[in-house]
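Participant: Sequential numbering of the sequence shown, starting at 80, is according to our numbering.
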Amino acid sequence: MIPSLDSLNQQMSSVCEGDTLLCSTLAGLFNGATWAPLVATLITIVLILVLAFAIRKVAHRVITRVVTRAAAGGSIMTRFRRNGVGSESIDILLHERRKQRAETMGSVLRHIASIVILGTAVLTVLDRLTIPIAPLLTSVGILGVAIGFGAQELVKDFIAGMFMLLEDQYGVGDVIDSGAAVGTVEAVTLRITRLRDADGRVWYVRNGTITRVGNESQGWSRAYVDVPVGYATDVTAVRDVLEGIAKDMWDDPEFRETVIVERPDVFGVEQLSDSTIVFRISAKTLPSKQAQVAREMRLKVKSALDTAGIALAPGA
Numbered sequence: 080m081i082p083s084l085d086s087l088n089q090q091m092s093s094v095c096e097g098d099t100l101l102c103s104t105l106a107g108l109f110n111g112a113t114w115a116p117l118v119a120t121l122i123t124i125v126l127i128l129v130l131a132f133a134i135r136k137v138a139h140r141v142i143t144r145v146v147t148r149a150a151a152g153g154s155i156m157t158r159f160r161r162n163g164v165g166s167e168s169i170d171i172l173l174h175e176r177r178k179q180r181a182e183t184m185g186s187v188l189r190h191i192a193s194i195v196i197l198g199t200a201v202l203t204v205l206d207r208l209t210i211p212i213a214p215l216l217t218s219v220g221i222l223g224v225a226i227g228f229g230a231q232e233l234v235k236d237f238i239a240g241m242f243m244l245l246e247d248q249y250g251v252g253d254v255i256d257s258g259a260a261v262g263t264v265e266a267v268t269l270r271i272t273r274l275r276d277a278d279g280r281v282w283y284v285r286n287g288t289i290t291r292v293g294n295e296s297q298g299w300s301r302a303y304v305d306v307p308v309g310y311a312t313d314v315t316a317v318r319d320v321l322e323g324i325a326k327d328m329w330d331d332p333e334f335r336e337t338v339i340v341e342r343p344d345v346f347g348v349e350q351l352s353d354s355t356i357v358f359r360i361s362a363k364t365l366p367s368k369q370a371q372v373a374r375e376m377r378l379k380v381k382s383a384l385d386t387a388g389i390a391l392a393p394g395a
């Protein structure tokens, strides 16, 4: 059996007849009163660190689960899909957008949780080692104030980016008008948003400078086509032709199951002048599909009007 420190200390004292330096040093090292506080402090520090890393791991899991569920919440596109509208490709795009949003928010929150938990653990360890932490906290506070004054714009960008992600104002693939630039979102970070406009030019817009955003790809879009005909044209005949186009497009699975979310509407006479009557046909589409639907409606309008013998207004 391993002898205790007290027995070793007694044996050391009996062997050392004189009060030599070596004997005194060895006796002090094997004295239980000297080792006990040190061992207790080491055990406490180890327990604090183990507990901190365990809490950090649990916090990361909870954050990942909560953020993923929040980002995967029901949206208007999800409701369209439940009603039988949409396709597998649309579901994939929505899933990728929610995934990116969850990963970005989760990464930020995990970093914040790690800093708070591990920072608290370090301060607790320093306190157990009887190291004064008040001067350290004061220095950190002064440094934080100095950094805050010097990095106000950066902090503003980060806060704006955080709220943008939490509110899902826009995501990768959306066509937005950020004020400074209009284009398709290619990347979103907490500091900047990268856009590519119709000419292929790439714009880097700081999130803190975006005061309003017009999102053309969120929820649904609307396509419309104006049909100008002569003033003497039979209004009922034109309306019947356009109603037939709306019905055909809604009954066509190629459109109803992929890009159109509601039956197209014929608004009737949109404009009236002494020489022209303008009809408008409109369709609610999936995000960013309005141009595709509008082009197809123009083709169908041209074909249907030619078949019905109705001419467009001159100069239209």
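A virtual CB, placed ideally from N, CA and C, is assigned to each residue, including glycine.
1) Assuming L321 and V345 make a contact with CB atoms under 8 Å, what is their CB distance in whole Å?
2) Please go through the same chain and pick out, in chain order, the residues whose beta-carbon is closer than 8 Å to the beta-carbon of D353, but skip the five residues on each side of it.
3) Quick check on DSSP: helix, strand or coil for K136?
4) Under 7 Å Cβ to Cβ from M243, same chain only, skipping five residues before and after it: list those, please.
5) Since D327 is in the alpha helix (DSSP H), which residue starts that stretch and which ends it?
6) So, with DSSP's three-state summary, where would you put Q248?
7) Should Y283 go down as buried or exposed, given a rule of 16 or more other Cβ atoms within 10 Å for buried?
8) Consider the C-beta atom of R359 and the heavy atoms of the ligand MG; say whether any pair is separated by less than 7 Å.
9) At what residues does the beta strand (DSSP E) containing L351 begin and finish?
10) Which same chain residues, not among the five before or five after A239, have their C-beta less than 6 Å away from its C-beta?
11) What's the C-alpha gap between A316 and V306?
12) In this structure, does DSSP put I339 in helix, strand or coil?
13) What does the Cβ neighbour count give for I255, buried or exposed, with the cut at 16 atoms within 10 Å?
14) Where does Q350 land, buried or exposed, given buried means 16+ other C-beta within 10 angstroms?
15) For V234, does the count of other Cβ atoms within 10 angstroms reach 16, so buried, or fall short, so exposed?
16) State the CB to CB distance for the pair S257 and Y303, rounded to an integer number of angstroms; the pair is presumed to be in contact (CB under 8 Å).
17) Using the Cβ count rule (16 or more neighbours within 10 Å means buried), how would you classify E265?
18) Report the CB separation of I124 from R207 in whole angstroms; it is logged as a contact under 8 Å.
19) Which whole-angstrom value is the C-beta distance of A260 and L269, which I expect to be below 8 Å?
20) Cα separation between K326 and P393?
21) Thinking C-beta only, is I212 closer than 8 Å to L205?
22) Are the beta-carbon atoms belonging to A200 and I142 less than 8 Å from one another?
Facilitator: According to the data block:
1) So it is a contact: roughly 4 Å between Cβ atoms.
2) When the five nearest sequence neighbours on each side are left out, the beta carbons in the same chain lying within less than 8 Å of the beta carbon of D353 are those of Y310, in order along the chain.
3) In this structure, K136 counts as helix in the three-state DSSP scheme.
4) Counting only residues of its own chain and dropping the five nearest sequence neighbours on each side, M243 has a CB closer than 7 Å to the CB of N286.
5) Looking at the DSSP string, the run of the alpha helix (DSSP H) that includes D327 is V314 to D330.
6) Here Q248 sits in coil by DSSP.
7) Exposed: under 16 other Cβ atoms inside 10 Å.
8) Inclusion of the ligand MG in the displayed structure is not the case, the ligand content being empty and no account of it being possible.
9) Run containing L351: D344 to L351, per the beta strand (DSSP E) assignment.
10) Within the same chain, Cβ atoms closer than 6 Å to the Cβ of A239 are found at N286 and G287, the five residues on either side in sequence being excluded.
11) The C-alpha of A316 lies about 13 Å from the C-alpha of V306.
12) DSSP places I339 within a strand segment (E or B) once states are collapsed to three.
13) By the neighbour-count rule (16 or more Cβ atoms within 10 Å), I255 is buried.
14) Per the 10 Å Cβ criterion, exposed.
15) Sixteen is the threshold: since fewer than 16 other Cβ atoms of the shown chains lie within 10 Å of the Cβ of V234, the residue is exposed.
16) Going by Cβ atoms, the distance from S257 to Y303 rounds to 25 Å, so no, they are not a contact pair.
17) Counting Cβ neighbours within 10 Å, E265 comes out exposed, since fewer than 16 surround it.
18) The pair is a contact, with the Cβ atoms about 6 Å apart (cut-off 8 Å).
19) Wrong, their Cβ atoms sit about 19 Å apart, outside the cutoff.
20) Using only the alpha carbons, I get a separation of about 28 Å.
21) Taking 8 Å as the cut-off, the beta carbon of L205 is found closer than this to the beta carbon of I212.
22) No, these two residues do not count as a Cβ contact at 8 Å.
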